[in-house]
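Worksheet: one structure, shown below.
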Amino acid sequence: MVDLKNWQEIARLVRKYFRCAVAATLAASAQGSSTQEKYKGIFLFLSLLFLGCHLSTRQDRAKMNEKIRGFDGLRGIAVFLVFLHHKAMAEGTGLGHLGVWIFFALSGFLITDILTTQRRYIDAGTSTFGAELKRFLYRRTLRIFPIYYLLLATLAVLMTMGFAGPELAGGMPYHFVYLSNFWIADVLHAWPGRYSHLWSLSIEEQFYIVFAPLLLGLRADWHGRICWLVLALGVGSLFTMKALHDSPIAIYTHPLTNFWLLALGGIGAAFVKRSRLRAPLYAVVIISTVIALLCFQEPEWERLANPYSYTALYVLYGACIAMLVCAIACSASGPLLRVLEWAPLAALGKISYGFYLYHGFIPDFYKSASVKALFGASGVPWWARFLCVLASFALTWSLARLSWRFIEAPILRLKNRRFMRVSVQGPANAELSGGEAR
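The letter at position 370 of the sequence shown is residue 358 when you use the working numbering, and the numbering goes up by one with no holes.
In structure tokens, the structure reads:
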């Protein structure tokens, strides 16, 4: 049994250290110091952050087999951040990147654990590689493909009728084979407007194609090492591309510079499964504060020329996001879960895949010629912009809700009709039905 007084003392010291770190960071900012100095305090106190974690009971394992509480709410936050980035004139912030990376960490956490669980059946001699790979791909196909290809087919029809922009014609072959990220980085060298968000769906599909046969083909006790290897390759690629002065968009959308975050989510899942740690609320607040600081400073630190500082900040950012996902998975109760389980937020998370997929094609009303003409030379006032953004959100929500009700949910009911298994011991089993991809 851990001495509670000792942990309370550690907690007190960590809180004190955090206040000092924040004070040092603010002082550096006030004095006009370099970005490296501004983040020095963050690096220092983050190394002690896990000292504030204490032994406690996590979410009940049997319940986690059905659903990880808080994950739908986190998905809701992530997709709302992406929406704000694209629809609420927040392009100059890192909100969209943060939302996408939360999705990546969630997917890595869930998918890696699912593949490890499936591999254990192979190791036990009760299943085969081929059967488990078919099971995984069958379930992933039912979750991702229907509305994705329905959307692409609709866009293709609109393109033939002259209602879609010319940039769609060049990108359609890439979208159909989940290579949108390569089209953006290596062909266009720019973001293609309303099709930009498809790059992250390509990253996740590429991750599935690589990781599913790799992890199912290797013994389960090797999976952690594979994740660490992918993490090392990803960080190395990030450093190398920055050192070679590759374009920011190429670094942003390259598979390896994103795979490492999914692998980090997988490492977190293995850690959560082995341990009985629970991050206390103040630790979650600290992690969230660091994430917020890095998010709003992202446009600044992404311009860093030094590849060491750039890579270190990237890794810090990703590590904090993965830690937040793990902290939620370890939570049994408390104010954090009450917020994440708030019905509207969880409902948004449930339909987040469709919401993410469709939001780019919903009009930005405040940019329309009719709205601009309505207010003339004075420009569109803030309240009108707010109403326009609210209208875009309502339309996206309605479309995603209808998609879930009449397309996604009925199709997902088919996923257990083949490859039926009585019980799968893993914290993420039922999360396939929730749509960890979005």
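Ideal Cβ positions, reconstructed from N, Cα and C, are used throughout, including at glycine.
Test item: CB-CB of residue i and residue j under 8 Å
| i | j | result |
| --- | --- | --- |
| G159 | W171 | yes |
| A388 | F343 | yes |
| G337 | G96 | no |
| V70 | G82 | no |
| R131 | L400 | yes |
| G61 | V272 | no |
| I191 | N246 | yes |
| T114 | A208 | no |
| I279 | I309 | yes |
| L304 | L281 | no |
| F199 | I99 | yes |
| V359 | V368 | yes |
Status (buried if at least 16 other CB within 10 Å, exposed otherwise) for residue i
| i | result |
| --- | --- |
| W289 | buried |
| S263 | exposed |
| W370 | exposed |
| L269 | exposed |
| E286 | buried |
| Y346 | buried |
| M311 | buried |
| R57 | buried |
| Y137 | exposed |
| W330 | exposed |
| R291 | exposed |
| R63 | buried |
| Y296 | exposed |
| S356 | exposed |
| G348 | buried |
| L14 | Any answer about L14 is weak, because its pLDDT of 45 lies below 50 and its placement is not dependable; what the coordinates show is given next. It counts as exposed. |
| A50 | Residue confidence for A50 is low, a pLDDT of 40 falling below 50, so the modelled location carries little weight; the figure read from the coordinates is stated next. Answer is exposed; the Cβ neighbour count stays below 16. |
| S188 | buried |
Between the CA atoms of residue j and residue i - distance to the nearest angstrom
| i | j | result |
| --- | --- | --- |
| A257 | F59 | 13 Å |
| D352 | H74 | 9 Å |
| L204 | A334 | 32 Å |
| G306 | V313 | 11 Å |
| G118 | L221 | 28 Å |
| I214 | G364 | 59 Å |
| A93 | L206 | 22 Å |
| L324 | T277 | 14 Å |
| Q194 | A361 | 44 Å |
| T142 | W89 | 28 Å |
| I135 | F91 | 18 Å |
| S386 | H185 | 19 Å |
| Q251 | P243 | According to the sequence shown, residue 251 is Ala rather than Gln. Approximately 12 Å between the Cα atoms of the pair. |
| L121 | L156 | 33 Å |
| R405 | G84 | 37 Å |
| F164 | A178 | 19 Å |
| A76 | A66 | 15 Å |
| L146 | E79 | 27 Å |
| Y240 | N169 | 9 Å |
| Y5 | Y302 | For Y5, the pLDDT reaches just 44, beneath the cut-off of 50, and the residue's location in the model is therefore unreliable, although a value from the coordinates is still provided. The straight-line gap from Cα to Cα measures roughly 23 Å. |
| P332 | F284 | 26 Å |
| S430 | I339 | Residue 430 lies beyond the stretch modelled for the chain, which goes from -11 to 426, so this question has no answer here. |
| D234 | W248 | 18 Å |
| M149 | A397 | 31 Å |
| I395 | F133 | 11 Å |
| V453 | L232 | Residue 453 lies beyond the residue range present for the chain, which begins at -11 and ends at 426; the question has no answer from this structure. |
| F68 | W216 | 30 Å |
| Y341 | S366 | 38 Å |
Same chain, Cβ closer than 8 Å to residue i, neighbours up to 5 away in sequence not counted
| i | result |
| --- | --- |
| T299 | V223, L226, F227 and K230 |
| D174 | A238 |
| R107 | E120, L203, L204, L206, R207, A208 and H211 |
| L140 | M160, H163 and F164 |
| I110 | T116, F117, E120 and L204 |
| F381 | F71 and K75 |
| Y183 | E155, L156, G159, H163, S168 and G348 |
| A18 | The pLDDT assigned to A18 is 45, lower than 50, so where the model puts this residue is not dependable; a value taken from the coordinates is nonetheless given after this. Hits under 8 Å: none found. |
| A379 | F353 |
| R393 | none |
| G322 | L269 |
Close-in-space but distant-in-sequence residues of the same chain around residue i (CB under 6 Å, 5 per side omitted)
| i | result |
| --- | --- |
| L383 | I350 |
| A144 | none |
| P236 | none |
| R373 | Y354 |
| F124 | A200 |
| Y166 | S190 and E193 |
Contact test: residue i Cβ vs the ligand PLP heavy atom, cutoff 7 Å
| i | result |
| --- | --- |
| L217 | Looking at this structure, you won't find the ligand PLP or any other ligand, since it has none at all. |
Beta-carbon proximity list for residue i, same chain, < 7 Å, skipping 5 on both sides
| i | result |
| --- | --- |
| A152 | L143 and L146 |
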